[in-house]
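Undergrad: Protein chains in written order, with this note's numbering: chain A, 425 to 553; chain B, 18 to 625.
From the three backbone atoms N, C-alpha and C, an ideal C-beta is built for every residue, glycine too.
Every value quoted in this text rests on a predicted model; they were computed, and no experiment measured them.
#1: Whole angstroms are fine: how far does the CA of residue 383 of chain B sit from the CA of residue 308 of chain B?
#2: Short of 9 angstroms Cβ to Cβ, which residues in the stretch 488–512 of chain A face chain B?
#3: Closer than 9 angstroms between beta carbons: that is the criterion. Which residues of the stretch 522–551 of chain A meet it against chain B?
#4: Do the CB positions of residue 325 of chain B and residue 302 of chain B come within less than 8 angstroms of each other?
#5: Identify the continuous alpha helix (DSSP H) that holds residue 170 of chain B and give its terminal residues.
#6: Let me know the alpha helix (DSSP H) ranges lying completely inside the stretch 166–230 of chain B, each 4 residues or longer, listed in chain order.
#7: Taking the C-alpha atoms as reference points, what is the distance between residue 226 of chain B and residue 450 of chain A?
#8: If you measure beta-carbon to beta-carbon, which residues of the stretch 451–471 of chain A are closer than 8 angstroms to chain B?
#9: Check each candidate in B/194, B/180 and B/186 and name the one with the smallest Cα separation from residue 167 of chain B.
#10: Anyone know if the C-beta pair for residue 109 of chain B and residue 201 of chain B falls short of 8 angstroms?
#11: Could you have a look at residue 547 of chain A and say whether DSSP puts it in helix, strand or coil?
#12: Anything in chain B within Cβ reach of residue 443 of chain A, meaning under 7 angstroms, just list it in chain order.
#13: Taking 8 angstroms as the limit between beta carbons, can you name the residues of its chain near residue 131 of chain B, skipping five residues before and five after?
#14: Look up residue 460 of chain A in the DSSP assignment and say whether it is helix, strand or coil.
#15: At the 8 angstroms Cβ level, is residue 448 of chain A part of the contact set with chain B, yes or no?
#16: Quick check: residue 159 of chain B and residue 178 of chain B, are their CB atoms within less than 8 angstroms of each other?
#17: Within 10 angstroms of the Cβ of residue 314 of chain B, are there 16 or more other Cβ atoms? Answer buried if so, exposed if not.
#18: Does the stretch 235–244 of chain B come close enough to the stretch 383–400 of chain B to have 3 or more Cβ pairs within less than 8 angstroms?
#19: Taking DSSP as the reference, what is the three-state secondary structure of residue 319 of chain B?
#20: Hey, out of B/389, B/224, B/123 and B/112, whose CA is closest to residue 709 of chain B's CA?
#21: Classify residue 425 of chain A: buried if its beta carbon has 16 or more other beta carbons within 10 angstroms, exposed otherwise.
#22: Below 9 angstroms on C-beta distance, what does residue 225 of chain B contact in chain A?
#23: DSSP beta-bridge partners for residue 294 of chain B?
#24: Looking at the unbroken alpha helix (DSSP H) that takes in residue 401 of chain B, where does it start and where does it end?
#25: Taking a cut of 9 angstroms between CB atoms, which residues from the stretch 149–177 of chain B lie near chain A?
#26: Let me know if residue 594 of chain B comes out buried or exposed under the rule of 16 or more other beta-carbons within 10 Å of its beta-carbon.
#27: Looking at the strands, I want to know which residues DSSP matches up with residue 38 of chain B.
#28: Does the stretch 431–450 of chain B touch the stretch 410–420 of chain B, meaning 3 or more C-beta pairs lie closer than 8 angstroms?
#29: Using a cut-off of 9 angstroms between C-beta atoms, extract the partners of residue 194 of chain B located in chain A.
#30: Rounded C-beta distance between residue 266 of chain B and residue 371 of chain B? I'm assuming under 8 angstroms.
#31: For residue 149 of chain B, which beta-bridge partners are listed by DSSP?
#32: Since residue 437 of chain A meets chain B, which of its residues come closer than 8 angstroms, beta carbon to beta carbon?
#33: Determine the DSSP secondary structure at residue 308 of chain B, reduced to helix, strand or coil.
#34: Which residues does DSSP list as the beta-bridge partners of residue 301 of chain B?
#35: State buried or exposed for residue 462 of chain A, treating a residue as buried only when at least 16 other CB atoms are found within 10 Å of its CB.
#36: In chain A, which residues lie less than 7 angstroms from residue 245 of chain B when you measure between Cβ atoms?
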């Protein structure tokens with residue numbers, strides 16, 4: 425299972441990002457979301473969504489083996505074991521592996537909680553095989 | 018403080034001093050946020066009778082507890098000031114992503130004071146706050162400035178900017194953000210321009226602490242679920258505010274040729290369907306919105322893009338100018354945005370000038386040679402730019418708003434200047450819709466629809482009826498609807514999707530830790546409403562019921578065509594509406610809140 429996004433349906437509202445941070449960190453803070461939104465305005469006027477495909481490349485390079493599989497079959501970061509080395513960041517083909525030391529003392533990524541799908545009013549996000 | 022950024026930021030532009038103070042807990046308790054904070058600071062801190070474009074006026078930008086949170090439409094912030102257009106109270110609600118960024122920078126309110134000696138922009142990156150030189154941006158269009166600032170700082174930064182209209186203090190200049198969202202009405206952009214602030218750049222990465230995280234999560238998801246389950250979601254999201262265009266035309270509420278009628282023969286070329294088919298390229302939502310009304314459009318003929326046009330702009334810059342072409346309306350919208358002038362007021366001013374021209378009151382000598390007939394798209398484009406730059410005789414005249422312009426020109430043109438208290442009426446023709454007419458007459462910024470939108474209610478109960486129940490409905494809406502502006506969220510999930518408003522009660526409580534029912538919230542709404550009224554009285558000697566009268570067009574000139582042909586509201590009914598309204602509000606026959614009413618609302622000390 426993984427998260428899918430249809431950028432053409434995205435209206436750029438970032439509700440997904442608030443919901444994500446809330447589930448991941450129990451904090452409201454869209455800058456701590458594990459999916460990304462890149463607006464391209466004023467031209468051509470489209471949103472581009474970036475979501476985790478659960479490819480596992482991040483887990484493969486993690487020297488502390490902090491990136492593990494959860495019960496949903498998704499890779500997640502065990503915050504206690506992450507040493508902020510950033511080895512995972514350049515491996516991510518979608519740019520949704522995050523390390524921002526000023527915001528959190530561990531790397532973070534999508535753990536497939538599904539809350540982003542719940543709040544998306546335009547059905548731009550869904551979970552499937 | 019739970020649910021708040023916790024800080025009031027004060028920026029004195031005269032001496033460049035930047036100070037912070039904690040958001041007072043009592044202020045949050047009594048006024049909650051948004052426009053509640055706005056009127057509180059305006060009333061308390063801005064001295065009586067100041068020049069709205071002088072150093073003593075302030076521009077107050079406030080978020081609310083739902084701003085930036087897991088709350089559908091929590092993307093609203095409020096810009097409050099003394100209006101240069103009306104001389105009274107003004108607040109403009111702006112969507113987009115600015116308010117969330119402000120909250121995540123830890124700010125509840127930004128107060129701009131004084132006048133900068135040179136053009137500047139305010140740069141806020143969490144706790145790093147600076148006034149920076151804006152010489153390179155001064156004179157540029159609002160869209161270009163946003164592009165440049167976003168390029169300089171990155172996509173995570175949010176920008177609000179004025180265009181030439183704000184710099185030149187066009188009295189209805191607006192503030193632009195997110196390539197198409199505006200703090201639109203009342204001249205808030207002129208106030209920003211008078212202070213020589215070209216833009217505000219914001220970036221915030223702080224988390225917002227809430228009182229009860231578990232119930233916050235639960236209540237937030239419940240509201241989103243209700244929105245997603247709503248029957249009207251698909252239709253609303255497809256058309257946004259333009260969904261009402263054809264309906265307004267059918268019921269005679271679509272402003273047509275300067276509100277001389279309420280139905281337009283070119284409706285099929287400017288309605289939501291035409292727009293969706295011809296120009297829309299994507300939906301565009303404000304922060305946290307599950308039901309995006311924003312439509313982003315590409316006008317192929319001009320090779321330009323705009324967010325919009327909204328229904329209001331279609332009304333005022335389409336049918337009201339006799340324009341039956343959605344691409345023209347879109348391009349006029351874009352020009353107004355780039356100039357940084359309110360498309361509602363600008364459309365109304367141009368419509369008035371067109372009527373003057375067709376009646377021979379204005380000639381080519383007055384219009385710098387423009388053939389200012391209804392339907393002339395090129396004249397509209399030229400005039401929008403002239404207004405923004407205050408260029409030429411007509412650009413200068415129309416920059417003053419339709420009230421002042423008509424007083425200067427005279428010759429009976431005052432009678433078809435469509436405004437209340439100096440603010441141009443938004444896009445609902447009210448020849449025979451008495452609740453909506455009263456809503457415009459008594460709205461606390463002038464003739465604006467967002468406080469109480471009652472045109473469907475008029476049709477439901479009988480549009481010409483003048484009964485106490487109708488008046489009670491308007492008062493209820495005026496107390497209730499602006500509470501969304503106080504909480505920092507959008508009202509359209511309630512209005513358009515029919516979401517149960519009680520779903521907001523547990524959310525607000527979980528965020529702030531303060532339990533408030535809608536009855537409590539409406540009481541706060543009533544208090545704020547009355548305080549804004551007191552601001553009008555304080556600023557305008559001799560303020561009385563004359564100020565609440567609508568444009569004479571609605572009680573003297575029945576439309577010749579359309580759904581409301583031959584229909585009109587009698588002047589005695591206009592007066593009866595006011596009598597009933599004042600009585601129900603606890604105001605005297607001049608429209609002044611009585612001492613007993615002020616006392617009941619616990620406002621006596623504040624207004625003393």
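TA: On the basis of the supplied data:
#1: Sequence index remark: in the second chain, residue 308 of chain B carries index 291 (1-based). Sequence index remark: in the second chain, residue 383 of chain B carries index 366 (1-based). Between residue 308 of chain B and residue 383 of chain B, the C-alpha separation is close to 45 angstroms.
#2: Residues of the stretch 488–512 of chain A that bring their beta carbon within less than 9 angstroms of a beta carbon in chain B are absent altogether.
#3: Under the 9 angstroms Cβ criterion, the stretch 522–551 of chain A contributes 524, 526, 527, 539, 542, 543, 544, 545, 546 and 547.
#4: Against the second chain, residue 325 of chain B aligns to sequence position 308. Against the second chain, residue 302 of chain B aligns to sequence position 285. Taking 8 angstroms as the cut-off, the Cβ atoms of residue 325 of chain B and residue 302 of chain B do not count as close.
#5: Position 153 of the second chain, counted from the start, is the residue given in the question as residue 170 of chain B. Residue 170 of chain B -> alpha helix (DSSP H) spans 159–170.
#6: The stretch 166–230 of chain B contains these whole alpha helix (DSSP H) runs: 181–184 and 205–211.
#7: Walking along the second chain from the start, residue 226 of chain B turns up at place 209. Walking along the first chain from the start, residue 450 of chain A turns up at place 26. Looking at the two C-alpha atoms, the distance is approximately 10 angstroms.
#8: Cβ contacts with chain B come from 451, 452, 453, 454, 455, 456, 462, 463, 465, 466, 467, 468, 469, 470 and 471.
#9: As a first step, residue 167 of chain B must be located in the second chain, where it is residue number 150. Sorting B/194, B/180 and B/186 by C-alpha distance to the C-alpha of residue 167 of chain B places B/194 at the top.
#10: Locating residue 109 of chain B in the second chain gives position 92, counting from the first residue. Locating residue 201 of chain B in the second chain gives position 184, counting from the first residue. Against a cut-off of 8 angstroms, the Cβ pair of residue 201 of chain B and residue 109 of chain B comes out as a contact.
#11: Numbered from its first residue, the first chain carries residue 547 of chain A at position 123. If DSSP states are grouped into helix, strand and coil, residue 547 of chain A belongs with coil.
#12: Residue mapping note: residue 443 of chain A aligns to position 19 of the first chain, counting from 1. Taking a Cβ-Cβ cut-off of 7 angstroms, the neighbours of residue 443 of chain A in chain B comprise 87, given in sequence order.
#13: As a first step, residue 131 of chain B is located in the second chain; it is residue number 114 there, counting from the start. In chain order, 29, 30, 31, 32, 72 and 212 place their CB closer than 8 angstroms to the CB of residue 131 of chain B, counting only its own chain and leaving out the 5 sequence neighbours on each side.
#14: Position 36 of the first chain holds residue 460 of chain A. In this structure, DSSP gives residue 460 of chain A an extended state, which the three-state scheme calls strand.
#15: Looking up residue 448 of chain A in the first chain gives position 24. No, its Cβ sits nowhere closer than 8 angstroms to a Cβ of chain B.
#16: Here residue 159 of chain B refers to the residue found at position 142 of the second chain. Here residue 178 of chain B refers to the residue found at position 161 of the second chain. Taking C-beta atoms as the reference points, residue 159 of chain B and residue 178 of chain B count as a pair closer than 8 angstroms.
#17: Residue mapping note: residue 314 of chain B aligns to position 297 of the second chain, counting from 1. Here residue 314 of chain B is buried: its Cβ has 16 or more other Cβ atoms, across all protein chains shown, within 10 Å.
#18: Taking a cut-off of 8 angstroms on C-beta distances, the stretch 235–244 of chain B does not touch the stretch 383–400 of chain B, as fewer than three cross pairs fall below it.
#19: By 1-based counting over the second chain, the position of residue 319 of chain B is 302. Here residue 319 of chain B sits in coil by DSSP.
#20: Absent from the structure is residue 709 of chain B, since the part of chain B shown begins at 18 and ends at 625.
#21: As a working note, residue 425 of chain A is residue 1 in the first chain. When all chains shown are included, residue 425 of chain A counts as exposed.
#22: Residue mapping note: residue 225 of chain B aligns to position 208 of the second chain, counting from 1. Within chain A, the residues near residue 225 of chain B are 451, 452 and 453.
#23: For the purposes of this step, residue 294 of chain B is taken as residue 277 along the second chain, with counting starting at 1. Answer by DSSP bridge pairing: none, since residue 294 of chain B is not bridged.
#24: Working through the second chain from its first residue, we reach residue 401 of chain B at position 384. 394–406 is the span of the alpha helix (DSSP H), which, as asked, contains residue 401 of chain B.
#25: When C-beta distances to chain A are compared with 9 angstroms, the residues of the stretch 149–177 of chain B below that value are 160, 163, 164, 167, 172 and 173, in chain order.
#26: If you number the second chain from 1, residue 594 of chain B lands on position 577. With a threshold of 16 other beta carbon atoms within 10 Å, residue 594 of chain B meets it and is buried.
#27: Taking the first residue of the second chain as position 1, residue 38 of chain B is located at position 21. Looking at the DSSP output, residue 38 of chain B bridges to B/25.
#28: Yes, they touch.
#29: For the purposes of this step, residue 194 of chain B is identified with residue 177 of the second chain, where counting begins at 1. Contacts between residue 194 of chain B and chain A, judged by CB atoms closer than 9 angstroms, are missing: the closest CB pair is about 12 angstroms apart.
#30: The residue you call residue 266 of chain B lines up with position 249 of the second chain. The residue you call residue 371 of chain B lines up with position 354 of the second chain. So it is not a contact: roughly 20 angstroms between Cβ atoms.
#31: Looking up residue 149 of chain B in the second chain gives position 132. B/138.
#32: Position 13 of the first chain, counted from the first residue, corresponds to residue 437 of chain A. By Cβ distance, chain B contributes 92, 302, 303, 304, 305, 306, 307 and 309.
#33: Translated into positions along the second chain, residue 308 of chain B becomes position 291. Here DSSP, grouped into helix, strand and coil, assigns residue 308 of chain B to coil.
#34: Sequence index remark: in the second chain, residue 301 of chain B carries index 284 (1-based). Partner(s): B/311.
#35: One-based indexing of the first chain puts residue 462 of chain A at position 38. Residue burial annotation: residue 462 of chain A is exposed, with fewer than 16 other C-beta atoms found within 10 angstroms of its C-beta.
#36: Within the second chain, residue 245 of chain B is the residue found at index 228, counting from 1. Chain A residues near residue 245 of chain B: 545.
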